Amino acid sequence: MKKAILSIQIFLDNWLMNGILLVFAALVAVLLHFTISEYVKYSERLNLARDYGLQNQILEGNMLPTDDINRISERLAEALEEVIQLPGVARYAPASFGITAFDGNRGSFIPLECVDEEYYGKTKYALTEGFWPNAPNEVVLTDEAMALYSIGDIIEVTFYLSDADYNVISYESKIEIVGFVDESVAIWEMVPNVFLPGLDDITTTLKEYADNYSPLDERIVFGYIIEPTTASGERIELIYQGGPYLITVNADTDPEDIKPQLIEIFGGGRVHTGPEMIERYKVEHNEEYLQLIRFAFISLVLTMSSLFAAVFLQLRKKRLEMTVYYICGTSWAQSLWFFTGSYYPLIATGSLIGSAIYFKLSPHLIRTDPMTVVVILVFLLAVCSIQVLPSYFSARRIHPTEWIRKD
Numbered sequence: 225m226k227k228a229i230l231s232i233q234i235f236l237d238n239w240l241m242n243g244i245l246l247v248f249a250a251l252v253a254v255l256l257h258f259t260i261s262e263y264v265k266y267s268e269r270l271n272l273a274r275d276y277g278l279q280n281q282i283l284e285g286n287m288l289p290t291d292d293i294n295r296i297s298e299r300l301a302e303a304l305e306e307v308i309q310l311p312g313v314a315r316y317a318p319a320s321f322g323i324t325a326f327d328g329n330r331g332s333f334i335p336l337e338c339v340d341e342e343y344y345g346k347t348k349y350a351l352t353e354g355f356w357p358n359a360p361n362e363v364v365l366t367d368e369a370m371a372l373y374s375i376g377d378i379i380e381v382t383f384y385l386s387d388a389d390y391n392v393i394s395y396e397s398k399i400e401i402v403g404f405v406d407e408s409v410a411i412w413e414m415v416p417n418v419f420l421p422g423l424d425d426i427t428t429t430l431k432e433y434a435d436n437y438s439p440l441d442e443r444i445v446f447g448y449i450i451e452p453t454t455a456s457g458e459r460i461e462l463i464y465q466g467g468p469y470l471i472t473v474n475a476d477t478d479p480e481d482i483k484p485q486l487i488e489i490f491g492g493g494r495v496h497t498g499p500e501m502i503e504r505y506k507v508e509h510n511e512e513y514l515q516l517i518r519f520a521f522i523s524l525v526l527t528m529s530s531l532f533a534a535v536f537l538q539l540r541k542k543r544l545e546m547t548v549y550y551i552c553g554t555s556w557a558q559s560l561w562f563f564t565g566s567y568y569p570l571i572a573t574g575s576l577i578g579s580a581i582y583f584k585l586s587p588h589l590i591r592t593d594p595m596t597v598v599v600i601l602v603f604l605l606a607v608c609s610i611q612v613l614p615s616y617f618s619a620r621r622i623h624p625t626e627w628i629r630k631d
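Residues 225 to 631 (the working numbering) make up the sequence shown, in order.
Structure follows, in structure tokens:
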């Protein structure tokens, strides 16, 4: 009992170094979380671009070729004729189609993105549960909508959309809920808000999109539909005014070859090829990623230095009080027990605090495995043990009388 009390007292006497160790452990955990999150984000967006076929596409953004709103439809028709005649162009179509469904029974508005394979390629967003729609009027909603709906629900709705003359038209129909989308996954948002957009500038997460769309209206949920039809099964033709538009080229055509001709049609600053947006994203990501790794490595070194100081400065400070005997033990087993019992809880607490800070700082998380918290904790404990524990073992003494004789 006397040993234990003295060991605890000596450990608490070194509160400053222990506190520094706690802070650096938390900092390392935060940086490792951001590093892993950035890697997941990077991989997810590149896979999204591959499935979408972005490498064979050109984005034409800010499509307002005339100040006269009454001439937009006319100008779109002119642009379509000009673009489709260019060699190598396979398709010229809006980047996205949408329609709004209104559930009168629950008072919920449901904006739906149409994800027909002709436009979305092989893109399928990860689901919390259920399956991706594969028939008309099958719908997947954001997982927040699970509070209102269940898989298999068939809902009577009114579809609303605008015609070519901007008149609102409506259709009565029914939709079936077949799944719920994970709100943290990357999705397309083909509205570049920068002059030279990268892949990151035309993607977002469903959570961010929903919050930006209507952060205060909890009645609005979002979702995806393959193809909307009326109650009688008649296909609803979607009309899209304004930009952005996507130009798809043939597999043997380099998008850069026809970019100059598109700039002549639409003007500078509006035409962005898929390969250049992907490459721009890779360059920007690599710079940010290397910076994160640098900070994480420096913080890890500081954490190990703090642990070394917390252990051995107090040994040197308390040598005359036979600290080595009480702190490092008289056997390998005691050394291991005293070290893990004293410092593992401190490192673990710092790691968990860092994880909590990360989740607090990142409300719109990229989808990560919950085991990441455990992996980071084990990594910190392992690295600190490998670096410090051998020296800790070497400080072990057979009996305190050794120090008495030497002193």
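Think of the CB as a built atom: it goes at the ideal place given N, C-alpha and C, for glycine as much as any other residue.
Every value quoted in this text rests on a predicted model; they were computed, and no experiment measured them.
For the options ILE610, PRO360, PHE355, ILE401, the alpha carbon positioned closest to that of ALA371 is the one of ILE401. Under the DSSP definition of a beta bridge, ARG315 partners with THR472. Looking from the CA of GLU458, the closest CA among ASN329, ALA253, PHE383, LEU560 belongs to PHE383. The beta-carbon separation of GLU284 and PHE490, rounded to 6 Å, stays under the 8 Å limit for a contact. In this structure, DSSP gives ILE399 an extended state, which the three-state scheme calls strand. Less than 7 Å separates the beta-carbon of GLY312 from that of THR477. ASP327 counts as buried, since no fewer than 16 other beta carbons sit within 10 angstroms of its beta carbon.
With contacts defined as CB atoms closer than 7 Å, LEU336 and ILE426 fail to qualify as a contacting pair.
Beta-carbon to beta-carbon, TYR343 and ILE411 are separated by about 14 Å, too far to satisfy the 8 Å threshold.
Its chain contains ILE282, VAL495, THR497 as the residues whose beta carbon lies nearer than 8 Å to that of LYS483, once the 5 sequence neighbours on both sides are disregarded; these appear in chain order.
For TRP239, the three-state secondary structure derived from DSSP is helix.
Note: GLN281 is bridge-paired with THR472 in the DSSP secondary-structure output. The Cβ-Cβ distance between SER394 and VAL381 does not fall below 7 Å. PRO479 is positioned such that its CB atom lies no closer than 7 Å to that of ALA319. When rounded, the separation of the alpha-carbon atoms in GLY447 and LEU385 is 16 Å. Contact between the segment 417–425 and the segment 356–373 is not established, with fewer than three Cβ pairs separated by less than 8 Å.
Between the C-alpha atoms of ILE600 and ALA253 there is a straight-line separation of about 7 Å. Annotated three-state conformation of TRP412 is strand, per DSSP. With fewer than 16 neighbouring CB atoms inside 10 Å of its own CB, ALA314 falls in the exposed class.
When C-alpha distances from LEU560 are compared across ILE517, PHE519, LEU613, the shortest belongs to LEU613. Residue nearest to ILE378 within the set VAL392, THR366, GLY403 is GLY403 (criterion: CA-CA distance).
For TYR344, there is no enclosing beta strand (DSSP E); the enclosing alpha helix (DSSP H) has its first and last residue at 341–344. Relative to THR596, the option among LEU245, LEU255, TRP239 whose CA is nearest is LEU255.
Around the beta carbon of ILE610, fewer than 16 other beta carbons lie within 10 angstroms, which makes this residue exposed. Straight-line measurement puts the Cα of ARG274 at about 44 Å from the Cα of LEU570. The beta carbon of MET414 is closer than 8 Å to those of LEU283, GLY285, ALA319, SER320, ILE426, PRO468, LEU470 in its chain, skipping five residues each way along the sequence. Looking at the backbone, the Cα of LEU245 and that of CYS608 are separated by about 11 Å. Measuring C-alpha to C-alpha distances from ASN474 to each of VAL264, THR259, SER261, GLY277 identifies GLY277 as the nearest.
When the alpha-carbon of LEU270 is set against those of GLU503, ILE487, MET241, the nearest one is in GLU503.
SER456 and ASN361 have their alpha carbons spaced roughly 12 Å apart. For the options LYS346, ILE487, GLN309, LEU531, the alpha carbon positioned closest to that of SER566 is the one of LEU531.
With a cutoff of 7 Å on beta-carbon distance, VAL405 and VAL445 are scored as not near each other.
Annotation for GLU480: the continuous alpha helix (DSSP H) segment containing it runs 479–490.
For LEU560, the three-state secondary structure derived from DSSP is helix. Taking the C-beta atoms as reference points, GLN485 is found no nearer than 7 Å to LEU272.
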